[in-house]
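The C-terminal residue of the sequence shown carries number 181 in the numbering used here, and the numbering is unbroken. Heads up, the thing below is written out as structure tokens.
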Amino acid sequence: MKRISYIEDFEQWESGFSFYNPVKVRFGEVDMFGHVNNVVAFTYFEEARIALFKELGFMQEWTHESSETMIVVADLQCNFIKQIYFDEQLKVYVKAGAVGNSSLDLHYMVKNAEGEVCLVGRGMMVQASKKTGRGEPWTEEWKELLQ
35 MKRISYIEDF
45 EQWESGFSFY
55 NPVKVRFGEV
65 DMFGHVNNVV
75 AFTYFEEARI
85 ALFKELGFMQ
95 EWTHESSETM
105 IVVADLQCNF
115 IKQIYFDEQL
125 KVYVKAGAVG
135 NSSLDLHYMV
145 KNAEGEVCLV
155 GRGMMVQASK
165 KTGRGEPWTE
175 EWKELLQ
């Protein structure tokens with residue numbers, strides 16, 4: 035596998051994943067070459083990220099009408115390793131990397147039914163104030179959940 039800047043030791047990095055969101059590739063996600071369009075990877079990452087945040091109870095807080103915070107994407111990147119085709123069953127893994135004061139570096143890995151890695155990625159999220167748009171610190175409880 036080619037060198038990826040945010041992964042020092044692939045086996046160690048891969049072993050840190052446990053949470054995943056299952057995805058079945060839909061026809062509308064396939065381009066004229068017969069494989070998944072490159073922008074779809076980011077949708078898969080989003081679906082897994084939201085599923086993780088729901089599992090942790092974060093989405094329920096952020097989407098509640100009285101919530102003063104929200105999560106925003108600061109950056110996203112994807113490395114395309116193996117092509118993905120219509121009707122494939124995928125597992126989209128997501129895990130927390132570094133947790134900052136109000137930021138969170140998430141890592142992603144997508145495997146097909148044969149267990150082959152098709153995509154890897156990362157992205158920086160920031161918990162922000164809905165009023166000011168500025169970063170809002172994670173609570174200690176939430177930091178522990180992300181570790």
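Even for Gly, the Cβ is constructed at its ideal location relative to N, Cα and C.
Is residue i helix, strand or coil when you go by DSSP?
i, result
"S49", "helix"
"K36", "coil"
"T166", "coil"
"T77", "helix"
"M158", "strand"
"I105", "strand"
"M93", "helix"
Using CA coordinates, which residue listed in the options is at the minimum distance from residue i?
i, options, result
"I84", "G169, N55, L153 and V154", "N55"
"S163", "N72, E80 and E102", "E102"
"Q46", "M143, Q123, E63 and F61", "M143"
"V106", "Y78, F120 and M158", "M158"
"K125", "G91, V133 and E148", "E148"
"L110", "S100, H141 and E122", "H141"
"F114", "L138, V154 and E48", "V154"
"V57", "E48, E80 and R37", "E80"
"Y78", "M66, M104, F51 and V59", "V59"
"C112", "H98, K165, Q123 and V74", "V74"
"Q123", "W96, T97, A108 and V151", "V151"
"T166", "I38, E63, M104 and W96", "M104"
"F53", "A82, S39, F61 and G62", "A82"
"T38", "F92, A108 and R156", "In the sequence on display, residue 38 carries Ile and not Thr. The shortest C-alpha separation from I38 is found at R156."
How long is the line joining the alpha carbons of residue i and residue j, rounded to whole angstroms?
i, j, result
"N135", "G68", "43 Å"
"L179", "K129", "11 Å"
"N71", "K36", "21 Å"
"S137", "I118", "31 Å"
"T173", "M66", "46 Å"
"L90", "P171", "17 Å"
"D43", "S100", "42 Å"
"T97", "E63", "28 Å"
"Y40", "S49", "15 Å"
"Q94", "F87", "8 Å"
Under the assumption that residue i contacts residue j (Cβ atoms under 8 Å), give the Cβ distance between them as a whole number of angstroms.
i, j, result
"G169", "Q161", "7 Å"
"A132", "D139", "4 Å"
"F76", "Y127", "Actually they are not in contact, since the Cβ atoms of F76 and Y127 sit about 15 Å apart, beyond 8 Å."
As an exercise, report each continuous beta strand (DSSP E) stretch of at least 3 residues that is fully enclosed by the region 113-137, in chain order. The region 113-137 contains these whole beta strand (DSSP E) runs: 123-133.
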